[in-house]
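Per numbering that gives the first Met the number 0: the first sequence = residues 0 to 466.
Beta carbons: idealized from backbone N, C-alpha and C, even for Gly.
As the structure is a computational prediction, the values presented were derived from the model and not from experiment.
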Amino acid sequence: MKPSIPQGTRDFSPAEVRRRQYIFNTLRIIFELYGFQPLETPSMENLTTLTGKYGEEGDRLIFKILNNGLHEKKDADKDKLNSEWNNILSKPYSTPVVTERALRYDLTIPFARYVVMHQNELAFPFRRYQMQPVWRADRPQKGRYREFWQCDVDMVGSTSLINEAELLCIYQSAFQKLKVPVTIKVNSRKLLAALAELCGMPEKMVDITIAMDKLDKIGWVGVANELKERGISDDGIWQIERVINVKGTNQEKLVAYSDIMQHSAVGMEGINELSKTLAYFGNLEPGIGNLDGKSNIVVDISLARGLNYYTGVIVEVVCSSEAVKMGSIGGGGRYDDLTGLFGLKGLSGVGVSFGIDRIYDVMEELNVFPEQLVEGTKAIILNFGGDNETYALQILQQLRAANIAAEIYPDAAKFDKQMKYANKRGIAYVLLPGDEEREKNMVSVKNFVTGEQKMVPVEEAITLLRV
RNA sequence: GAGAUUGUAGCUCAGUUGGUUAGAGCAUCAGAUUGUGGUUCUGAGGGUCGCGGGUUCGACCCCCGUCAGUCUCCCCA
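Structure, rendered in structure tokens:
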């Protein structure tokens with residue numbers, strides 16, 4: 000049989016894992032610096048925990064797990080199973096009778112579930128970060144996988160906009176550290192709601208936002224067409240155009256919006272929140288987060304996050320390098336009542352997510368991974384068999400005791416085969432314990448980069464390799 | 001869910017209007033070289049041409065179906 004892996008999944012080679020771990024470690028250090036604590040949740044959740052949280056499209060993309068032991072059901076249950084099966088075949092539908100569990104779709108909903116389940120143990124505001132894979136039954140394409148990793152930072156139990164500002168700081172310092180130039184777009188769901196009001200169609204907010212979100216991609220004409228198709232009136236489209244045409248600094252934009260939206264309570268609230276967030280951010284900003292004196296935080300009213308649980312400030316990160324074509328590499332926002340879905344009312348949260356796989360792809364394209372990530376084996380001991388092998392093992396033991404990553408070629412294979420192996424592995428030093436070396440209680444150390452070789456006592460070899 | 005495109009050796013790919021036994025590079029193994037790698041040289045192994053059907057004297061090539069990968073739209077990280 001021909002080996003293969005499921006569509007949209009990948010193997011990670013040793014070099015790739017090292018580079019991915021570099022990203023994880025960089026983020027982890029920042030998250031910890033900001034006082035967040037690690038959390039992990041199961042790969043699978045009860046299906047009912049996930050459904051209805053990600054919108055209609057999202058529900059379709061949840062990977063469901065077929066229940067086990069269906070053939071063992073009693074006859075009455077089998078009748079139920081048959082009728083439910085017909086439902087599944089005729090429409091988008093799921094039922095615990097067939098699929099009780101599903102793979103996690105993101106990290107936010109499982110987090111909310113966790114908070115509700117453990118509310119009595121937690122100190123609020125609760126801050127956590129989480130780095131785990133998620134699964135989506137999407138059609139894979141460039142930058143889109145069926146299994147991919149997210150790194151989420153969230154806090155619940157506080158409505159302070161300091162939280163929003165801190166998350167912006169985390170984004171800024173993380174991408175600065177990773178050497179990825181980014182634009183961090185911010186907007187507010189409340190501005191979008193106000194815009195829908197302005198159009199006289201508050202119920203069309205989702206349609207409006209989906210269309211506007213494509214502004215970068217298809218331009219204003221394309222957006223206007225889509226708005227029309229989605230049933231927005233000409234007057235509404237004109238209102239939207241007016242808002243989109245607002246240019247200038249973040250401050251200037253907010254002033255202009257407050258002029259346009261002065262009669263909308265929710266709009267003014269959104270503007271107020273955005274300007275407060277930016278003011279807090281100004282106090283916290285972790286350094287030069289910009290290249291040309293301009294901040295890389297940009298108020299962008301066309302930004303619309305897909306997930307429908309966001310209620311306040313929303314944020315999205317895109318790579319600002321012209322050379323890279325990639326969608327968003329991170330996003331997040333404020334959700335006022337996420338835990339309410341699980342019965343815990345009045346707990347507000349805000350969080351952002353890093354799309355690790357896309358960040359990896361972008362860093363690869365920009366060629367910004369550090370050259371020397373983690374050294375693997377530092378020295379390999381060649382195997383000359385017999386007494387020399389025993390001698391080699393003694394040296395190996397001493398190297399490891401001295402905390403030097405070392406290995407032995409396990410077979411007494413032909414010399415040049417062992418050398419070629421060391422070369423292919425890119426190991427820095429080769430140790431040769433042969434007859435002569437053993438008799439003198441020494442070892443030959445060959446620097447595989449320079450080709451230089453000398454015979455020294457074992458202790459000296461250890462000192463040499465420790466450097 | 002809709003569309004485009006690709007499928008030939010372990011990998012990357014050639015393959016003439018449809019014509020004997022399907023090729024190359026890399027990789028692997030063996031040898032030149034039983035204690036000196038990266039560069040050479042010689043040789044060897046390795047293919048149901050994704051799968052099934054059809055057209056034809058004859059199909060890797062043309063037609064139909066099917067499966068898989070990649071990409072685009074939708075949507076999203």
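Is the Cβ-Cβ distance between residue i and residue j less than 8 angstroms?
{"i": "Leu340", "j": "Lys63", "result": "no"}
{"i": "Val444", "j": "Ala421", "result": "no"}
{"i": "His65", "j": "Thr94", "result": "What sits at residue 65 in the sequence shown is Leu, not His. Taking 8 angstroms as the Cβ cut-off, Leu65 and Thr94 do not qualify as a contacting pair."}
{"i": "Leu88", "j": "Met43", "result": "no"}
{"i": "Cys150", "j": "Phe280", "result": "no"}
{"i": "Arg126", "j": "Ala136", "result": "no"}
{"i": "Asp356", "j": "Trp148", "result": "yes"}
{"i": "Tyr128", "j": "Pro369", "result": "no"}
{"i": "Arg19", "j": "Phe11", "result": "yes"}
{"i": "Val351", "j": "Arg333", "result": "no"}
{"i": "Ser257", "j": "Ile270", "result": "yes"}
If you drop the 5 nearest sequence neighbours on each side, which residues of the same chain put their C-beta closer than 6 angstroms to that of residue i?
{"i": "Ile426", "result": "Thr376 and Ile379"}
{"i": "Leu431", "result": "Leu381 and Ser443"}
{"i": "Gly385", "result": "none"}
{"i": "Thr208", "result": "Leu191 and Ala303"}
{"i": "Gly54", "result": "Asn307"}
{"i": "Leu346", "result": "Val155, Gly156 and Thr338"}
Which of the three DSSP states is assigned to residue i in this structure?
{"i": "Gly425", "result": "coil"}
{"i": "Arg19", "result": "helix"}
{"i": "Phe353", "result": "strand"}
{"i": "Met130", "result": "strand"}
{"i": "Gln6", "result": "coil"}
{"i": "Leu430", "result": "strand"}
{"i": "Ile328", "result": "coil"}
{"i": "Phe368", "result": "coil"}
{"i": "Met43", "result": "strand"}
{"i": "Lys344", "result": "coil"}
What first and last residue would you give for the beta strand (DSSP E) that runs through residue i?
{"i": "Thr107", "result": "No beta strand (DSSP E) holds Thr107; the alpha helix (DSSP H) holding it covers Thr107 to Met116."}
{"i": "Val242", "result": "No beta strand (DSSP E) contains Val242, which is instead part of the alpha helix (DSSP H) from Asp233 to Ile243."}
{"i": "Leu102", "result": "Arg100 to Leu102"}
{"i": "Asn446", "result": "Met441 to Asn446"}
{"i": "Cys150", "result": "Glu146 to Val155"}
{"i": "Met454", "result": "Gln452 to Pro456"}
{"i": "Asn186", "result": "Val181 to Ser187"}
Skipping 5 residues on each side, what residues in its chain have a beta carbon closer than 7 angstroms to that of residue i?
{"i": "Pro285", "result": "Cys168, Gln171 and Ser172"}
{"i": "Glu388", "result": "Asn382 and Ala411"}
Considering residue i, what are the terminal residues of the alpha helix (DSSP H) in which it resides?
{"i": "Trp207", "result": "What sits at residue 207 in the sequence shown is Ile, not Trp. Ile207 -> alpha helix (DSSP H) spans Met204 to Met211."}
{"i": "Ile407", "result": "No alpha helix (DSSP H) holds Ile407; the beta strand (DSSP E) holding it covers Ala405 to Ile407."}
Does residue i pass the burial test, meaning 16 or more other C-beta atoms within 10 Å, or should it be called exposed?
{"i": "Gly288", "result": "Here the model assigns Gly288 a pLDDT of 46, short of 50, so the residue's position is not dependable and the matter cannot be decided."}
{"i": "Leu69", "result": "exposed"}
{"i": "Ile28", "result": "exposed"}
{"i": "Ala210", "result": "buried"}
{"i": "Asn85", "result": "exposed"}
{"i": "Val181", "result": "buried"}
{"i": "Lys1", "result": "exposed"}
Less than 8 angstroms between C-beta atoms, sequence neighbours within five positions excluded: which residues of the same chain meet that for residue i?
{"i": "Val265", "result": "Lys189, Ala192, Ala193 and Glu196"}
{"i": "Leu392", "result": "Ile407"}
{"i": "Phe123", "result": "Val155, Gly156, Ser157 and Leu346"}
Within 7 angstroms: the Cβ of residue i and any heavy atom of the ligand GTP?
{"i": "Met454", "result": "The model depicted lacks the ligand GTP and carries no ligand whatsoever."}
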